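*Asks:* First residue of the sequence shown? That's 1050 in the working numbering, and the numbers climb one at a time after it.
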Amino acid sequence: MKILKITFFVLLICFVFHVSFNQAQSAITKKDIVAVWLFDDGSGSTLKDSSGNGNDGKLVEGPTWIDGKFGKALKFDSKKKHRVKVENSDSLNVTDQISILAWGFVSDKAGNRRFLQKSTPGSDNQYRLLR
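(1) Is the beta carbon of D1098 sitting closer than 8 Å to the one on V1085?
(2) Between the alpha carbons of R1132 and F1125, how many angstroms are there, rounded?
(3) How is L1123 classed by DSSP in three states: helix, strand or coil?
(4) In its own chain, which residues sit with a C-beta less than 8 Å from the C-beta of I1115, not counting the 5 before and 5 after it?
(5) Once you ignore the five residues that flank L1087 on each side, which residues in its own chain have a CB closer than 7 Å to its CB?
(6) When burial is assigned at 16 or more other CB atoms within 10 Å of the CB, is N1142 buried or exposed?
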């Protein structure tokens, strides 16, 4: 009887951990991804969207390609208004909850520094990520 109780307890613990960890994971499918800009193209005036949605960006006002932490990167000068412009597309008009991830190094911490902003002329911002 004691062995049966111990076996049941161990199986219960295994089941709880299995359910807990599986619930904490979520799958990201290709249809869920709006855009992926790796900033590692290394040359040219276009920033490639790796998601397959065609949300490529155009380098505006001359950000420069440099060696980054891993591969290549873009260096922006806010005083010169360096930026990447991505034309509006249906895939960027998100109407549900979103997650945005960015990794960057900010050397000039003064002012309003935007990593990402989505807006349309004459309207409020749809979403933005500030440093």
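The C-beta atom is built at its ideal place from N, Cα and C for all residues, glycine as well.
All figures in this text were calculated on a predicted structure; none of them were measured in a lab.
*Replies:* According to the structure shown:
(1) Using a Cβ distance threshold of 8 Å, D1098 and V1085 count as a contacting pair.
(2) Linking R1132 to F1125 through their CA atoms gives a straight-line distance of about 7 Å.
(3) Annotated three-state conformation of L1123 is strand, per DSSP.
(4) Within the same chain, K1121, A1122, L1123 and K1124 come within 8 Å of I1115 by CB-CB distance, once the 5 residues on both sides are set aside.
(5) So the qualifying residues of the chain are S1099.
(6) By the 10 Å Cβ count, N1142 comes out exposed.
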